[in-house]
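Residue numbers (our numbering): 67 to 274. Cβ coordinates follow ideal geometry from the N, Cα and C atoms, glycine included. Model, not experiment: these values are computed from the prediction. Notes follow the structure.
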């Protein structure tokens with residue numbers, strides 16, 4: 067099915083059903099444990115989506131074992147980072163990632179919550195700080211090369227711009243595509259809500 071068909075399917079759902087399946091699709095990679103976190107932007111002109119995030123979405127995200135932080139709210143949108151705390155702590159705790167963040171002013175001994183609050187403050191200051199890529203699970207070398215804006219050739223452009231290990235990135239992109247496709251197909255089959263979350267976790271448990 068096409069992307070348009072999928073979003074038409076979502077649009078046909080009632081408010082609670084819609085926000086739950088919208089969130090599951092957009093956080094499916096986090097649910098499957100192939101990414102530590104994902105960002106979602108809720109536009110205020112879409113009153114149902116924006117209001118449903120506040121009235122139902124937050125509770126649902128917590129009910130499926132994920133956490134969130136609202137990074138920035140403007141006149142027309144709100145940006146939310148939804149994350150698996152255990153995976154994010156593990157990824158941020160990698161030596162090369164932590165050293166990079168410390169160099170940007172993050173505390174050497176900070177907790178993941180403290181790191182997220184620093185990210186939130188920098189998000190307000192820099193609009194979208196490049197170290198966000200670290201929190202999203204993008205390899206550190208690709209984040210650095212993207213920041214430096216050097217003449218290094220981009221080898222592959224998919225879920226992020228790849229400057230280094232193209233083979234590894236292709237494998238990751240394939241795993242992302244598998245999770246996304248599984249999620250979409252499941253929603254079309256009528257598997258939704260917490261049942262779908264459990265199904266994603268069970269079918270991709272080898273990633274965690």
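- Closest in C-alpha terms to residue 242, from the list 101, 209, 114, 196, comes 101.
- Remark: three or more beta-carbon pairs, one from each stretch, lie closer than 8 Å, so the region 81-95 and the region 110-123 are flagged as touching.
- Residue state for residue 103 is assigned as strand, using DSSP reduced to three classes.
- The beta carbon of residue 178 is closer than 7 Å to those of 151, 154, 155, 158 in its chain, skipping five residues each way along the sequence.
- In the three-state DSSP reduction, residue 220 falls in the coil class, being neither helix nor strand.
- Between the region 185-197 and the region 205-214 there are three or more C-beta pairs closer than 8 Å, enough to call the two in contact.
- Taking the C-beta atoms as reference points, residue 98 is found nearer than 9 Å to residue 245.
- Under the three-state reduction of DSSP output, residue 132 falls in the coil class, being neither helix nor strand.
- Under the DSSP definition of a beta bridge, residue 149 partners with 103, 133.
- For residue 208, the enclosing alpha helix (DSSP H) has its first and last residue at 206-214.
- Taking C-beta separations shorter than 8 Å and ignoring five residues to either side along the sequence, the partners of residue 168 in its chain run 174, following chain order.
- Residue 258 sits in coil when the DSSP states are folded into three classes, being neither helix nor strand.
- Within its own chain, no residue has a Cβ closer than 6 Å to the Cβ of residue 269 once the five positions on either side in sequence are excluded.
- According to the DSSP secondary-structure assignment, residue 138 is paired through a beta bridge with 145.
- Between residue 92 and residue 144, the C-beta spacing is not below 9 Å.
- Here DSSP, grouped into helix, strand and coil, assigns residue 108 to strand.
- By the Cβ-count criterion, residue 87 is buried, with 16 or more other Cβ atoms from all chains shown falling within 10 Å of its own Cβ.
- In this structure, the straight-line span from the alpha carbon of residue 232 to that of residue 207 is close to 12 Å.
- Partner residues in a beta bridge of residue 160, as assigned by DSSP, do not exist.
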